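S.K.: Just so it is clear: in the sequence shown, position 314 is 313 by numbering that gives the first Met the number 0, and no numbers are missing.
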Amino acid sequence: MWSYFTSHSLLYLFSLFPASAVSNCNHAPTATINAGLIVGKTTSLPAALGPVNQFLGIPFADPPKRFSLPQPPSRLVEPLNATAFKPACMQQFRYPKKNSDFLRTIWNNPAPEESEDCLYLNVYAPSGPIAGAGRAVLFWIFGGSLQFGHGGVPSYDGSSFAAYEDVIVVTSNYRTNLFGFPGSPEIPITERNLGFIDQRFALDWVQRNIHAFGGDPCKVTIFGESAGGYSIDAHLTSYDKDSAPPFRAAILESGQYTYRTSANANSTIAWNNITSQLGCPGSYANNLTCVRAASATTLQTIVNENTLISAPVADNVTFVDDPAQRRLSGNIAPIPVLGGTNAQEGRLFVVNQTDLDTFLNKTFGNKFPDLIPAIRDAYPLVDNSNASQYDTIAEIYGELTFLCPQAYWANASAAIGIPTWRYYFNASFANQQVYQNLGAYHASEVMLVFRTFPQANATTQQDALGRTMQSIWAKFAKNPYAGPGWNAVGSGRKGEVLVGAYDETSGGLLNMGNASQVTGDWSLGVFGDVGHVRGSGVTVLPQRDFDARCELFRPMFESIGGKDSTPPWP
């Protein structure tokens, strides 16, 4: 079990009484966790298997001291009212105001209450009888660039999973930005990645308490999007092949850590700037007390106004410095994985960028100018209009930052014998378009997976695709070695359409039949549209059809991961 928790909590572990759960339809649901009795609430969804018990705002640690390790939660002196979310951790939107407002509109709406007392999680569990050792558990790690986000975002409501798929969902807060990844030299390096440590602490809480909600601690799947996927990959690569991590499978949506095109930000630079802005006496190396004394809002303002970023440091405990080498050597957590990306990942990040030359020079000109001509040839402009240049910039950004890293990640995982499946999300809906023409933008699949998309103006395809994706995520959690239902990466088998595609022009399902007439690595499960056919299911296609331009970027990935750190294409 995890060394941080063990080293701080031996007395706590041996003082706990057994946990149990009680739920009936006539009273508020209760659960007896290791800390004591908690009282939740019940909700019902149309045509569900049964009501869902919600336990919100459960402490998985005591209120943390700023820049310090989490500590085990205190025993409850009376039943805990677990019917409302607790505050989010301190949020940081340190971008220029235009971009900050943009991000808040998408991911911080409605804005939550914020507090440094924020280490809480939420449990969504079916209320029906438990079969066997307990239900499968999906543990959600939110995204937000490790700078913002929280487990109480409405899009992350796990009730639908519990109601329709008979699984348990846990969503958790963790500290982000300066508060989660402080760069102070006074803090031991193994205690600086507080955000990752919080995630591990919450996962350890699940191991010890999830049976109180009908869950099986041996059936935990971690899943997350963007920085959540990045966090998951950090966990996968920091456990070695002989370890026993507190999860048995992982789903990574539009995020991973192993392959990237730039080094991690240096949090010490941000720390030095902050101490200077605060007027702390002496060297930045001995002013931890000064920064701890400042108000949280003062620190937020300094970070925002100076566009500072705090990021993980390679401690080789929670965050390794050689993830690509570890993956290719096979010395990582040996568990089944499912990962994927969206069709228009880049559009959200390059809004208002309409000069291709400027983008190429800024992105590649400093270290990789020789790549620019080949990239121009591979991504030709339709014309010189602003719209065409934006489309091309977005396509390059999306493949460079998301699609190609995920392709290398999946193929490297498969090459060392890890059961690996890959998906591609390609569907867009008017009631999810926060801005015009974003398409299947970054994170747009999350509302489909949780089935929390707006019901106003929802389409038949949207509802059907949401049911498909949620069912496949749950299926994977229940039996990860069986996979999501299509070929594993590297299997070399032929592909087939698993679910009919919905054609909106004809208003019905098409029998797509079998796609096995072409051989090759048909291992990419495409959710949604294929060509001009509107899809509500999964169509399996050759991954090379989508990854054809990824070889262009190999030098960039190897500049970070080392020579030969990227796998050959199958």
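All residues carry an ideal CB built from backbone N, CA and C; glycine is no exception. Computed from a predicted structure; not experimentally measured.
Do the CB positions of A411 and V488 come within less than 7 Å of each other?
M.R.: Position 412 of the sequence shown, counted from the first residue, corresponds to residue 411. Position 489 of the sequence shown, counted from the first residue, corresponds to residue 488. Not a contact, by the Cβ cut-off of 7 Å.
S.K.: Decide if H210 is buried, meaning its Cβ has at least 16 other Cβ atoms within 10 Å, or exposed.
M.R.: Locating residue 210 in the sequence shown gives position 211, counting from the first residue. Looking at its Cβ environment, which holds 16 or more other Cβ atoms inside 10 Å, H210 is buried.
S.K.: Judging by CA-CA distance, which residue of R466, A377, P368 is the nearest neighbour of A547?
M.R.: Indexing the sequence shown from 1 puts residue 547 at position 548. Checking every option, the nearest Cα to that of A547 belongs to A377.
S.K.: Following a CB-centred definition, is F222 positioned closer than 6 Å to any heavy atom of the ligand PLP?
M.R.: With respect to the ligand PLP, the structure offers nothing, as it holds no ligand at all.
S.K.: Quick one: grab the DSSP three-state call for L48.
M.R.: On the sequence shown, position 49 is the one that residue 48 refers to. Residue state, collapsed to three classes: coil.
S.K.: Look at L118 and F84 and say whether their C-beta atoms are less than 7 Å apart.
M.R.: Walking along the sequence shown from the start, residue 118 turns up at place 119. Walking along the sequence shown from the start, residue 84 turns up at place 85. Contact flag unset, no.
S.K.: Is the region 469-481 touching the region 159-170, taking contact as three or more C-beta pairs under 8 Å?
M.R.: yes
S.K.: By Cβ distance, which residues of its chain are closer than 7 Å to N330, with the 5 residues on each side in sequence left out?
M.R.: What you label residue 330 is simply residue 331 of the sequence shown in a count that begins at 1. Answer for N330: D239, K240, listed in chain order.
S.K.: Which of the three DSSP states, helix, strand or coil, is assigned to W485?
M.R.: By 1-based counting over the sequence shown, the position of residue 485 is 486. W485 falls in the coil class under three-state DSSP.
S.K.: From the DSSP output, in three-state form, read off P58 for me.
M.R.: As a first step, residue 58 is located in the sequence shown; it is residue number 59 there, counting from the start. DSSP places P58 in strand when its eight states are reduced to three.
S.K.: What separation, rounded to the nearest whole angstrom, lies between the Cα atoms of R174 and D156?
M.R.: Indexing the sequence shown from 1 puts residue 174 at position 175. Indexing the sequence shown from 1 puts residue 156 at position 157. R174 and D156: Cα-Cα distance of roughly 20 Å.
S.K.: Could you say which of Q454, L48, K64, H149 lies nearest to G127 if we only look at CA atoms?
M.R.: Position 128 of the sequence shown holds residue 127. Among Q454, L48, K64, H149, the Cα nearest to that of G127 belongs to L48.
S.K.: Excluding the 5 residues flanking L571 on each side, which residues of the same chain have their C-beta closer than 7 Å to its C-beta?
M.R.: In the structure as shown, the chain begins at 0 and stops at 569. Residue 571 is therefore absent and cannot be evaluated.
S.K.: So, using beta-carbon positions, are A81 and I37 closer together than 7 Å?
M.R.: By 1-based counting over the sequence shown, the position of residue 81 is 82. By 1-based counting over the sequence shown, the position of residue 37 is 38. Cβ atoms of A81 and I37: closer than 7 Å.
S.K.: Whose C-alpha, out of W521, I415, G397, Y440, is nearest the C-alpha of A426?
M.R.: Along the sequence shown, read from residue 1 onward, the residue named residue 426 stands at position 427. It is Y440 whose Cα lies nearest to the Cα of A426.
S.K.: Tell me, which residues are paired with L145 by DSSP?
M.R.: Position 146 of the sequence shown, counting from 1, holds the residue named residue 145. In the DSSP output, where bridge partners are listed per residue, L145 has none listed.
S.K.: How long is the line joining the alpha carbons of R74 and T189, rounded to whole angstroms?
M.R.: In the sequence shown, the residue the question calls residue 74 occupies position 75. In the sequence shown, the residue the question calls residue 189 occupies position 190. Cα to Cα, the separation comes out at about 28 Å.
S.K.: Could you tell me the boundaries of the beta strand (DSSP E) in which A135 lies?
M.R.: Your numbering for residue 135 matches position 136 in the sequence shown. A135 -> beta strand (DSSP E) spans 134-140.
S.K.: Measure the CB-CB distance between F401 and S522 and report whether it falls below 7 Å.
M.R.: Start at 1 with the first residue of the sequence shown, and residue 401 comes out as number 402. Start at 1 with the first residue of the sequence shown, and residue 522 comes out as number 523. Not in contact: F401 and S522 (Cβ atoms no closer than 7 Å).
S.K.: Can you list, in chain order, the residues of its chain with a C-beta nearer than 8 Å to that of S384? Leave out the 5 residues immediately preceding and following it.
M.R.: For the purposes of this step, residue 384 is taken as residue 385 along the sequence shown, with counting starting at 1. Taken in chain order, the list of residues that qualify is empty.
S.K.: Given that a residue counts as buried once 16 or more other Cβ atoms are within 10 Å of its Cβ, and exposed if not, what is D356?
M.R.: On the sequence shown, position 357 is the one that residue 356 refers to. Per the 10 Å Cβ criterion, exposed.
S.K.: Taking all protein chains shown into account, do 16 or more other C-beta atoms lie within 10 angstroms of the C-beta of S144, making it buried, or fewer, making it exposed?
M.R.: Here residue 144 is taken as the residue at index 145 of the sequence shown, counted from 1. It is buried - the Cβ of S144 has at least 16 other Cβ atoms within 10 Å.
S.K.: Inspect the beta-carbon positions of W270 and G182 and report whether they are closer than 7 Å.
M.R.: Translated into the one-based positions of the sequence shown, residue 270 becomes position 271. Translated into the one-based positions of the sequence shown, residue 182 becomes position 183. Going by C-beta atoms, W270 is nearer than 7 Å to G182.
S.K.: Just tell me which of P50, I250, A46, L79 has its CA closest to the CA of P418.
M.R.: Looking up residue 418 in the sequence shown gives position 419. The shortest Cα separation from P418 among P50, I250, A46, L79 belongs to I250.
S.K.: Across which residues does DSSP place N80 in a beta bridge pair?
M.R.: As a working note, residue 80 is residue 81 in the sequence shown. Partner(s): V38.
S.K.: What does the alpha-carbon distance come out to for the pair N265 and F424?
M.R.: Stepping through the sequence shown from its first residue, residue 265 is reached at position 266. Stepping through the sequence shown from its first residue, residue 424 is reached at position 425. In a straight line, the C-alpha of N265 is about 33 Å away from that of F424.
S.K.: Under the three-state reduction of DSSP, which class applies to Y155: helix, strand or coil?
M.R.: The sequence position of residue 155 within the sequence shown is 156, counting from 1. Looking at Y155 - three-state DSSP - the assignment turns out to be helix.
S.K.: Counting Cβ pairs, one atom from each stretch, are 3 or more of them under 8 Å apart for the region 287-306 and the region 203-218?
M.R.: Short answer: they don't touch.
S.K.: Can you say whether S242 is buried or exposed, counting buried as having 16 or more other CB atoms within 10 angstroms of its CB?
M.R.: Within the sequence shown, the letter at position 243 stands for residue 242. S242 should be labelled exposed.
S.K.: In its own chain, which residues sit with a C-beta less than 8 Å from the C-beta of L497, not counting the 5 before and 5 after it?
M.R.: The residue given as residue 497 occupies position 498 in the sequence shown. Its pLDDT being 46, under 50, L497 is placed unreliably in this model, and the value from its coordinates should be taken loosely. So the qualifying residues of the chain are G484, W485, G524, G536, V537, T538, V539.
S.K.: Just to confirm my understanding: we take D563, look at its own chain, exclude 5 residues before and 5 after, and list those with CB closer than 6 Å. What are they?
M.R.: Counting from one through the sequence shown, the residue named residue 563 turns up at place 564. Same-chain partners within the cutoff: there are none.
S.K.: Check the DSSP bridge columns for I395 and list the partner residues they point to.
M.R.: Counting from one through the sequence shown, the residue named residue 395 turns up at place 396. Answer by DSSP bridge pairing: none, since I395 is not bridged.
S.K.: In whole angstroms, give me the CA-to-CA distance for T340 and C289.
M.R.: As a first step, residue 340 is located in the sequence shown; it is residue number 341 there, counting from the start. As a first step, residue 289 is located in the sequence shown; it is residue number 290 there, counting from the start. Approximately 42 Å between the Cα atoms of the pair.
S.K.: Quick one: give me the first and last residue of the beta strand (DSSP E) that D356 is part of.
M.R.: Residue numbering aside, residue 356 sits at position 357 when the sequence shown is read from its first letter. From DSSP, D356 is part of no beta strand (DSSP E) but of the alpha helix (DSSP H) over 355-363.
S.K.: Roughly how many whole angstroms lie between the Cα atoms of W408 and Y258?
M.R.: In the sequence shown, residue 408 corresponds to position 409, counting from 1. In the sequence shown, residue 258 corresponds to position 259, counting from 1. CA-CA distance, W408 to Y258, rounds to 7 Å.
S.K.: What separation, rounded to the nearest whole angstrom, lies between the Cα atoms of L551 and G560?
M.R.: Mapped onto the sequence shown, residue 551 falls at position 552. Mapped onto the sequence shown, residue 560 falls at position 561. Rounded to whole angstroms, L551 to G560 spans 16 Å at the Cα level.
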